[in-house]
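In full-length UniProt numbering, the protein residues as written are 1 to 383.
Step one of this worksheet: look at the structure below.
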Amino acid sequence: MRRAIELAARGRGTTSPNPVVGCVVLDAAGQVVGEGFHAYAGGPHAEVVALRAAGERARGGTAYVTLEPCAHTGRTGPCALALLEAGIARVVVAVSDPNPAAAGGADRLTRHGVAVTTGVLAAEAARGNAEWLTSVRLGRPHVTWKYAATLDGRSAAADGTSQWITSPEARADVHRLRGEADAIIAGIGTVLADDPRLTVRRPPGDGVPADGPGLPAGRSGTGARPPKEGAPATRQPLRVVVDSDARTPLTARVLDGGAPTLIAVAADADADALASRAEVVRLARRRPYGIDLAGLLAELHRRQIVGVLLEGGPTLAGSFLKEGLIDRVVGYLAPALLGEGAAALGPAGAATIAETHRLEFEDVTPTGPDLRLTARPVPLKEL
């Protein structure tokens, strides 16, 4: 099963709005005869790819799959039927499918005499599929807040400068995160201060400058795999600017056409000029940030956005955290000290130690001279 989870991870960034899924097929003697993963939405599912590789050797064998085989016909046929037709005798599942439209594969297999075991390495498989599971179970996208800071938690110096706190290696890793996201969210403060592009860009050494134009036909950022064979061209992540009063300059780089852009404004904002340059969505005005953030996520969910990367400044990040809308934190810490300047996180509803937003570390990885820290809220949300 752990190998199936590794295979599933190869589909990160290209399967949305579908889940990432991996499958390993063993023959009747217990030897691996087929492997596969779901590479892109509309493409063959992991079970089908693995069964094709196994051929007749799958008959009487065992399939290990990270997500319960689907029982419905969508853009592809039901995987439960494919397993039955291949003569699989046993199926081992990590996570049951919570999607009512696709669930039922395990029951179908059992009714036809296939031995089914569920829950094997479930927590590990669920972490790898956190974005999709959050989308299905909570009805909103999974939110990863990314920030970069010094060891004393400063995201900018006292004069407002922030480029660059972290190393080229850390910044390249951010493009990997962007390439795995369906949307990138930033606030108007970040747009006015830094004028970011919010696109996935190629790393140095591949013939295109690191600060060059966004990739027009894909989300293959740093560390991403080459495009999957047969996969359609993918788009850049949707750029979302939270701008309650419609202050985004018409010259801002988020309006440069390098990727689709959505400007979220308050219902009473004058956004006619912006509407000529980008799509505008109007949401109820809320305090302290200015718009209904839960409503924004609901709108993105309606657009089949499964995972978003929050790159907003401290005020927007604090508002998301206060409302319980952050599912994962990825922090890049540089071995540097400022002593003063902007904090990475603004007010988040924790006035006392008892109200602290506790996190649990999931990963700590050196990234160049910096550290990449990955953590999730405690208690960990059920995926």
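All residues carry an ideal CB built from backbone N, CA and C; glycine is no exception.
I need the straight-line Cα distance from residue i to residue j, nearest angstrom please.
i, j, result
"residue 469", "alanine 375", "As displayed, the chain neither begins before 1 nor continues past 383, which places residue 469 out of reach and without an answer."
"arginine 303", "tryptophan 132", "14 Å"
"alanine 29", "glycine 113", "19 Å"
"glycine 128", "alanine 8", "8 Å"
"isoleucine 184", "glycine 290", "18 Å"
"residue 393", "threonine 110", "Outside the modelled stretch of the chain, which goes from 1 to 383, sits residue 393, for which no answer is possible."
"glycine 368", "valine 330", "16 Å"
"glycine 179", "leucine 238", "11 Å"
"methionine 1", "alanine 50", "14 Å"
"alanine 294", "leucine 84", "42 Å"
"valine 116", "alanine 348", "45 Å"
"alanine 193", "serine 244", "16 Å"
"glycine 187", "alanine 4", "38 Å"
"arginine 137", "alanine 103", "13 Å"
"alanine 317", "arginine 287", "14 Å"
"serine 162", "glutamate 323", "27 Å"
"leucine 300", "glycine 60", "44 Å"
"alanine 271", "arginine 140", "26 Å"
"arginine 108", "leucine 309", "37 Å"
"valine 95", "aspartate 173", "29 Å"
"alanine 130", "alanine 278", "30 Å"
"glutamine 31", "leucine 121", "20 Å"
Just list the residues that DSSP pairs residue i with in beta bridges.
i, result
"histidine 142", "Gly307"
"cysteine 23", "Gly36, Val65"
"proline 98", "Answer is none; proline 98 lacks a bridge partner."
"threonine 374", "Val330, Asp363"
"threonine 150", "Ala334"
"isoleucine 263", "Val241, Val280"
"arginine 90", "Thr62, Ala115"
"isoleucine 165", "Answer by DSSP bridge pairing: none, since isoleucine 165 is not bridged."
"alanine 317", "For alanine 317, which the question treats as bridged, DSSP gives no partner whatsoever."
"glycine 187", "Val242"
Taking its Cβ as the centre, do 16 or more other Cβ atoms sit within 10 Å of residue i, making it buried, or is it exposed?
i, result
"serine 155", "buried"
"leucine 345", "buried"
"valine 78", "Sequence check: residue 78 is proline here, not valine. Buried."
"valine 208", "Caution is warranted here: a pLDDT of 32 is assigned to valine 208, below 50, making its placement in the model unreliable, and the coordinate value is therefore given only provisionally. So valine 208 counts as exposed."
"serine 319", "buried"
"alanine 158", "exposed"
"glutamate 68", "buried"
"glutamine 236", "buried"
"phenylalanine 361", "exposed"
"leucine 151", "exposed"
"glycine 307", "buried"
"threonine 251", "exposed"
"isoleucine 353", "exposed"
"glutamate 47", "buried"
"glutamate 311", "buried"
"alanine 267", "exposed"
"leucine 337", "exposed"
"glycine 205", "Low confidence applies here, because glycine 205 scores a pLDDT of 39, under 50, leaving its location unreliable; read the following figure in that light. Glycine 205 comes out exposed."
"glycine 55", "exposed"
"alanine 101", "exposed"
Between residue i and chain C, is there a C-beta pair that is closer than 8 Å?
i, result
"arginine 10", "Chain labels in this structure do not include chain C; a single protein chain is all it has."
Our contact map puts residue i next to residue j with C-beta atoms below 8 Å; I'd like the distance itself, whole angstroms only.
i, j, result
"threonine 144", "arginine 328", "4 Å"
"valine 20", "glycine 34", "Contact flag wrong, Cβ pair sits at about 18 Å."
"leucine 170", "arginine 372", "The residue asked about is misnamed: residue 170 is alanine in this sequence, not leucine. So it is a contact: roughly 7 Å between Cβ atoms."
"alanine 58", "alanine 71", "In fact, because the Cβ distance is near 19 Å, the residues do not count as touching under 8 Å."
"alanine 41", "threonine 15", "6 Å"
"valine 240", "alanine 264", "6 Å"
"histidine 175", "arginine 201", "6 Å"
"leucine 325", "leucine 297", "7 Å"
"alanine 342", "proline 314", "6 Å"
May I ask you to report which of helix, strand or coil DSSP gives residue i?
i, result
"glycine 11", "helix"
"glycine 349", "coil"
"threonine 331", "Note that residue 331 is glycine in the sequence shown here, rather than threonine. Glycine 331: strand per DSSP, three-state reduction."
"aspartate 206", "Residue placement at aspartate 206 is flagged as unreliable, the pLDDT there being 37, under the threshold of 50; the coordinate-derived value follows with that caveat. In this structure, aspartate 206 counts as coil in the three-state DSSP scheme."
"glycine 55", "helix"
"residue 465", "In the structure as shown, the chain starts at 1 and stops at 383, and residue 465 therefore has no counterpart that could be examined."
"alanine 343", "strand"
"valine 49", "helix"
"aspartate 159", "coil"
"serine 135", "helix"
"glutamate 299", "helix"
"cysteine 79", "helix"
"threonine 356", "coil"
Indicate, with yes or no, if the ligand HEM has a heavy atom lying under 7 Å from the CB of residue i.
i, result
"arginine 285", "Absence of the ligand HEM from the depicted structure is noted, as is the absence of any ligand whatsoever, leaving it without description."
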